[in-house]
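In this text, residue positions in the sequence shown follow the numbering used here: the first is 25, and each later residue adds one. Have a look at the structure below before the remarks.
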Amino acid sequence: MGVEVVGEELGSLHGIPLFKTFIEVWPQVEAFQAQPDDLLVSTYPKSGTTWLSEILDIIYQDGSVEKCQRDAIYNRVPFLEYKEPGMPSGVELLEKTPSPRLVTTHLPVQLLPKSFCDKNCKVIYMARNPKDVVVSYYYFYQMAKTHPDPGTLAEFLETFMAGKVAYGSWYEHVQGWWEKKQEKQLLYLFYEDMKKDPWQEVQKILRFLGKEMAEEMVERILHHTSFQEMKKNPSANYNSVPTALMDHSISPFLRKGIIGDWKNHFTVAQNERFNQHYQKHMMGSDLHFQMEA
Ligand code: A3P
Numbered sequence: 025m026g027v028e029v030v031g032e033e034l035g036s037l038h039g040i041p042l043f044k045t046f047i048e049v050w051p052q053v054e055a056f057q058a059q060p061d062d063l064l065v066s067t068y069p070k071s072g073t074t075w076l077s078e079i080l081d082i083i084y085q086d087g088s089v090e091k092c093q094r095d096a097i098y099n100r101v102p103f104l105e106y107k108e109p110g111m112p113s114g115v116e117l118l119e120k121t122p123s124p125r126l127v128t129t130h131l132p133v134q135l136l137p138k139s140f141c142d143k144n145c146k147v148i149y150m151a152r153n154p155k156d157v158v159v160s161y162y163y164f165y166q167m168a169k170t171h172p173d174p175g176t177l178a179e180f181l182e183t184f185m186a187g188k189v190a191y192g193s194w195y196e197h198v199q200g201w202w203e204k205k206q207e208k209q210l211l212y213l214f215y216e217d218m219k220k221d222p223w224q225e226v227q228k229i230l231r232f233l234g235k236e237m238a239e240e241m242v243e244r245i246l247h248h249t250s251f252q253e254m255k256k257n258p259s260a261n262y263n264s265v266p267t268a269l270m271d272h273s274i275s276p277f278l279r280k281g282i283i284g285d286w287k288n289h290f291t292v293a294q295n296e297r298f299n300q301h302y303q304k305h306m307m308g309s310d311l312h313f314q315m316e317a
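Okay, structure coming up:
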């Protein structure tokens, strides 16, 4: 019989809504000692973290699908600020991970542990359009049991727009990391570009990492990291997480993997309201998102 996990209300970390278990281990995370060859994968939740992590791991494994099956994605590419009772924390996992390490985080830029800057670590940020993020997040809130009850989609849209979901405002997140690009070795990618032309985006990643790869190897990487392949890959699809924590019968982790699913969910009025809110909060920014395929 499994233990039932009931989503608690979120706590607040320096004004950012976050899981209380993550806040408890924050001193450990803040003091994290990065290494110069760590590569940080940074995203707002539901923006393609797992996809980008799988792409990077197979690049690091020189295209070997077998080596990528050595463990589940969340162990191969540890999640820096993660903590659940009875599980090793992200920091504990990272301490056991051999270099060069891949590290994921959803932290907004102002909360990034100082050591990543001190050691001048490379960062790849992936952003996704907010309409698809909010829909994906709505399903994730329901299937990943540590989240509070999201209510109806209409209610969740309001919570999201108000920045009251886990990790706070999407607007501040994508813009904060975009500005960081001025001063850091940071490659800023978009989920929509990766969907439309994965070949080109993987080339950008390879250039950023200073790696070269034969064309057939790149083809293999694209095949291995396609939505269909990842969905059936037990080391990438999160099926190994206990049902008490993630219930895939409510919604699979790899759910649809498309651009524009928001159109199947937003009413006309919700879309208009969202557009107004978006325009207000993105005013003056040179960041642009593709809401459609
Ligand atoms: P959907 O819920 O819209 O399907 P994250 O890893 O940051 O939590 O993001 C999860 C989202 O990325 C989910 O979106 C998931 O389906 C999508 N995703 C994961 N792997 C993908 C892939 N190989 N191709 C396209 N989308 C992918």
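We put the CB at the ideal spot given by N, CA and C, even for glycine.
Euclidean distance between Cα positions of residue i and residue j
i    : j    : result
H305 : R100 : 36 Å
G284 : F43  : 29 Å
Y106 : F46  : 6 Å
H289 : C141 : 40 Å
F251 : T129 : 21 Å
G318 : K188 : This structure cannot speak to residue 318, because the chain is shown only from 25 to 317.
P137 : P51  : 10 Å
I82  : C92  : 6 Å
Y13  : S71  : Outside the shown range of the chain, which is 25 to 317, sits residue 13, and nothing can be said about it.
G26  : Y163 : Because G26 carries a pLDDT of 48, less than 50, the predicted location of this residue cannot be relied on, and the following value inherits that uncertainty. The straight-line gap from Cα to Cα measures roughly 22 Å.
I148 : F313 : 17 Å
P174 : E240 : 44 Å
R152 : A268 : 28 Å
F277 : Q206 : 34 Å
L135 : G200 : 11 Å
V49  : S113 : 8 Å
R297 : Y161 : 19 Å
L230 : H171 : 35 Å
K255 : N263 : 9 Å
E179 : D221 : 34 Å
K169 : P69  : 15 Å
S139 : Q59  : 8 Å
L37  : K287 : 33 Å
G308 : P109 : 43 Å
Q295 : W202 : Per the sequence shown, residue 295 should be read as Asn rather than Gln. So the alpha carbons of these two residues sit roughly 25 Å apart.
N257 : E236 : 26 Å
P266 : Y98  : 13 Å
L118 : V127 : 8 Å
D271 : K120 : 28 Å
L177 : T183 : 10 Å
I79  : R244 : 11 Å
Classification of residue i by the beta-carbon crowding that lies within 10 angstroms, buried from 16 upward
i    : result
M167 : buried
I274 : exposed
K155 : buried
K143 : exposed
D86  : exposed
T23  : Lying before the first or after the last residue shown, residue 23 is absent from the chain, which here runs from 25 to 317.
H248 : buried
A317 : exposed
M218 : buried
T67  : buried
A190 : buried
Presumed contact (8 Å Cβ cut-off) between residue i and residue j, rounded CB distance
i    : j    : result
L181 : V158 : 6 Å
V115 : F56  : 6 Å
S77  : V65  : 6 Å
L213 : V226 : Going by Cβ atoms, the distance from L213 to V226 rounds to 10 Å, so no, they are not a contact pair.
T74  : A238 : Their Cβ separation, rounded to whole angstroms, is 26 Å, which puts T74 and A238 out of contact at 8 Å.
M150 : Y215 : 6 Å
Neighbourhood of residue i by C-beta, 7 Å cutoff - its chain only, sequence neighbours within 5 removed
i    : result
H301 : M185
G192 : I40, P41 and P132
K204 : V133 and L210
R279 : S160 and Y163
Cut-off 6 Å between Cβ atoms - residues of its own chain near residue i, not counting five sequence neighbours on either side
i    : result
K146 : L63 and Q209
R125 : D62
W223 : none
M315 : N153 and K155
E54  : P137
Y165 : H171 and P174
G281 : F251
F103 : G114 and T128
Test: residue i CB closer than 9 Å to a CB of chain B
i    : result
M307 : Of the chains in the structure shown, none is chain B; there is only one protein chain.
- Pick out the complete beta strand (DSSP E) segments inside the region 131-169, 3 residues or longer, and give them in chain order. 146-151
- What are the uninterrupted segments assigned as beta strand (DSSP E) that are 3 or more residues long and contained completely in the region 171-233, given in chain order? 210-214
- Item | Secondary structure, alpha helix (DSSP H): runs of 4+ residues fully inside the region 97-128 | 97-100 and 114-119
- Unbroken beta strand (DSSP E) runs of length 3 or more, entirely within the region 26-70: which are they? 35-37, 40-42 and 63-67
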